[in-house]
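Peer 1: Numbering (my numbering), first residue to last: 5 to 556. Note that beta-carbon positions come from the ideal geometry of N, C-alpha and C, so glycine has one too. Next up is a structure, given as structure tokens.
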């Protein structure tokens with residue numbers, strides 16, 4: 005296949021231009037006064053959203069070199085999004101601006117290795133600064149308000165959900181089928197574990213890429229499921245009840261996946277599938293007792309264990325992706341099953357309290373099991389009067405849920421780009437120390453980080469104060485109180501933590517970390533190779549440009 009090999013300034017300019025185009029469209033969604041973006045890629049209807057992640061991942065440019073810039077930024081965005089659950093807009097503005105600044109320096113023949121040293125040095129100092137300044141989240145509603153662009157309804161639902169479950173509980177998203185399009189939260193017992201559906205074939209919700217099954221019947225197996233020939237009777241029982249059957253087991257033969265889907269059966273990898281035999285057995289027992297059933301040795305034994313509908317496990321909701329499964333228990337087990345469940349928990353407590361021979365590791369594992377069994381699950385049901393409204397809410401709800409989980413894990417920083425601005429000022433204030441360790445060229449990379457850190461807050465403030473935003477940015481940068489920043493709602497400088505304008509600290513920390521990794525590698529590259537049929541737009545009348553692109 006014919007290839008184009010390019011090098012030098014011209015392809016780098018095009019790559020930066022692609023990143024700039026991505027930055028401009030994503031930045032338009034920033035903050036409470038940001039705008040919606042209409043996305044139509046074919047199909048039944050367009051999508052209207054302010055969700056930065058949705059916007060960014062739908063950007064694809066015709067020019068392959070410009071598209072490389074988009075893909076570099078997307079790589080950073082996806083990494084931050086997977087860790088922090090939100091922060092796409094902040095990450096996009098910072099990373100694209102940093103890419104542009106460092107590429108310009110690289111094109112001026114500044115040593116890229118020195119630029120990378122300055123980039124890494126500054127990034128490390130900034131992350132240490134964030135680690136020092138972050139605080140535990142006092143208000144999870146405030147985190148939700150920021151990630152949902154000020155959606156009061158969704159923020160209240162998540163606040164109720166997280167305040168109602170135990171420390172080891174979890175929150176899942178589900179559809180609301182209320183005619184008025186309202187959303188609501190339901191609290192019940194349940195379990196969460198890593199691992200889930202063995203294949204995308206089982207996905208029913210493409211927004212969350214998961215299988216969502218309401219009010220299913222559940223069977224739990226101790227060994228792998230190799231075929232479905234012995235399950236005909238139980239599949240028929242489930243069909244007669246008008247309920248979907250969920251099978252939970254350590255392993256499913258791939259040749260059974262399509263057959264299961266065609267028969268309305270969902271397969272879910274069991275909790276603890278990577279554990280040793282004893283720990284796996286305990287994990288299966290924990291799950292089976294929670295949903296009110298027994299662990300079946302193998303599919304051949306199904307008929308002997310499951311005599312009737314009362315022997316199945318039950319749950320209000322199962323949400324399972326390829327990475328994670330969350331199960332909400334029915335509100336009330338039968339009297340017999342509830343008694344068995346409580347006796348099981350009491351036995352586990354007794355094992356922990358009365359057994360002096362347990363190792364610390366085994367003790368901690370048992371405590372973890374007890375916490376998961378005693379935890380709660382909150383289901384936030386998302387509704388809307390139209391499919392467009394509901395879909396937009398679903399994207400916002402996904403961001404809110406991930407952001408809250410991230411904030412609980414990593415703590416919070418003042419939002420709106422304020423923490424990044426304060427980090428920029430820190431770099432400026434300590435530049436003399438940096439000069440003792442870095443060359444003059446490395447200091448240019450250091451300064452590029454400092455300048456790019458100012459951009460997210462500059463974009464945000466300029467959206468409400470276009471004429472004097474630069475003065476306000478300077479004011480905020482020199483505020484003595486770290487939490488003081490510009491509140492775009494009140495259009496005043498105030499304590500953003502008290503105002504509830506906060507971000508998960510993971511957003512800023514991972515944005516800086518992954519930008520340094522991806523962009524640092526990019527500026528060391530000198531050539532680009534693409535397929536010749538990718539429609540590269542090269543002006544062959546521009547001799548300088550034409551010489552940069554050679555066909556092979």
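#1: Assuming residue 430 and residue 460 make a contact with CB atoms under 8 Å, what is their CB distance in whole Å?
#2: Taking only the alpha-carbon atoms, compute the straight-line gap between residue 556 and residue 532 and give it to the nearest angstrom.
#3: Are residue 420 and residue 35 close, meaning C-beta to C-beta below 8 Å?
#4: Between the C-alpha atoms of residue 143 and residue 450, what's the straight-line distance to the nearest angstrom?
#5: Can you grab the Cα-Cα spacing for the pair residue 414 / residue 88, in whole Å?
#6: Whose C-beta lies closer than 7 Å to the C-beta of residue 503 among residues of the same chain, with five residues either side of it excluded?
#7: Cα-Cα, which of 84, 49, 104, 12 is closest to residue 26?
#8: To the nearest angstrom, how far is it from the Cα of residue 77 to the Cα of residue 31?
#9: Could you give the residue range of the alpha helix (DSSP H) that holds residue 455?
#10: Could you compute how far the alpha carbon of residue 369 sits from the alpha carbon of residue 418?
#11: May I ask you to verify whether the region 247-260 touches the region 210-229, counting CB pairs closer than 8 Å and requiring at least 3?
#12: Might you give, ordered along the chain, the residues of its own chain that have their beta carbon closer than 6 Å to the beta carbon of residue 140, omitting 5 neighbours on each side?
#13: Going by CA-CA distance only, name the one from 68, 64, 61, 109 that's closest to residue 527.
#14: Please give me, in chain order, every unbroken run of the beta strand (DSSP E) with length at least 3 that falls completely inside the region 137-201.
#15: Under the rule that 16 or more other beta-carbon atoms within 10 Å means buried, what is residue 351, buried or exposed?
#16: Beta-carbon within less than 8 Å of residue 245's beta-carbon, same chain only, minus the 5 sequence neighbours each way: which residues are those?
#17: Between which residues of its own chain and residue 47 is the CB-CB distance below 7 Å, once the five residues before and five after are set aside?
#18: So with Cβ pairs under 8 Å, would you call residue 256 a contact of chain C?
#19: Use the C-beta contact count for residue 544: other C-beta atoms within 10 angstroms, 16 or more gives buried, fewer gives exposed.
#20: To the nearest angstrom, how far is it from the Cα of residue 384 to the Cα of residue 261?
#21: Near residue 152, what residues of its chain come up, given a Cβ to Cβ distance below 8 Å and the 5 sequence neighbours on each side ignored?
#22: Quick check for students: name the residue ranges of the beta strand (DSSP E) that lie wholly in the region 208-261, counting only runs of 3 or more.
#23: Look up residue 48 in the DSSP assignment and say whether it is helix, strand or coil.
Peer 2: This is what the structure holds:
#1: Not quite, the Cβ-Cβ distance comes to about 16 Å (not below 8 Å), so this is no contact.
#2: Residue confidence is low: residue 556 scores 44 on pLDDT, short of 50, so the model does not pin down where it sits. Its coordinate-derived value is still stated next. Computed Cα separation, rounded: 13 Å.
#3: In this structure, residue 35 lies closer than 8 Å to residue 420 by Cβ.
#4: Residue 143 and residue 450 have their C-alpha atoms roughly 35 Å apart.
#5: Cα atoms of residue 414 and residue 88: separation of roughly 9 Å, rounded to the nearest angstrom.
#6: Exclusion of the five residues before and after residue 503 leaves 491 as the residues of its chain whose Cβ lies within less than 7 Å of its Cβ.
#7: Considering only 84, 49, 104, 12, the residue with the shortest C-alpha distance to residue 26 is 104.
#8: Whole-angstrom Cα-Cα distance: 13 Å.
#9: In the DSSP assignment, residue 455 falls within the unbroken alpha helix (DSSP H) covering 444-456.
#10: Cα to Cα, the separation comes out at about 36 Å.
#11: By the criterion of at least three beta-carbon pairs nearer than 8 Å, the region 247-260 is in contact with the region 210-229.
#12: The answer, listed in chain order, is 415.
#13: Of 68, 64, 61, 109, the smallest CA-CA separation from residue 527 is found for 109.
#14: If only uninterrupted beta strand (DSSP E) runs of at least 3 residues are considered, those enclosed by the region 137-201 are 174-179, 188-198.
#15: Burial state of residue 351 is exposed, judged by a 10 Å Cβ sphere holding fewer than 16 other Cβ atoms.
#16: Take residue 245, set aside five residues on each side of it, and the residues of its chain with a beta-carbon closer than 8 Å to its own are 221, 313, in chain order.
#17: Within the same chain, residue 47 has no close Cβ partners at all.
#18: Chain labels in this structure do not include chain C; a single protein chain is all it has.
#19: Legend: pLDDT at residue 544 = 44, less than 50; position of this residue unreliable, value from coordinates given subsequently. It is exposed - the Cβ of residue 544 has fewer than 16 other Cβ atoms within 10 Å.
#20: Those two C-alpha atoms are separated by around 29 Å.
#21: Here the set comprises 158, 159, 400, 401, 403, 404.
#22: 215-218, 221-225, 249-253, all fully within the region 208-261.
#23: Residue state, collapsed to three classes: coil.
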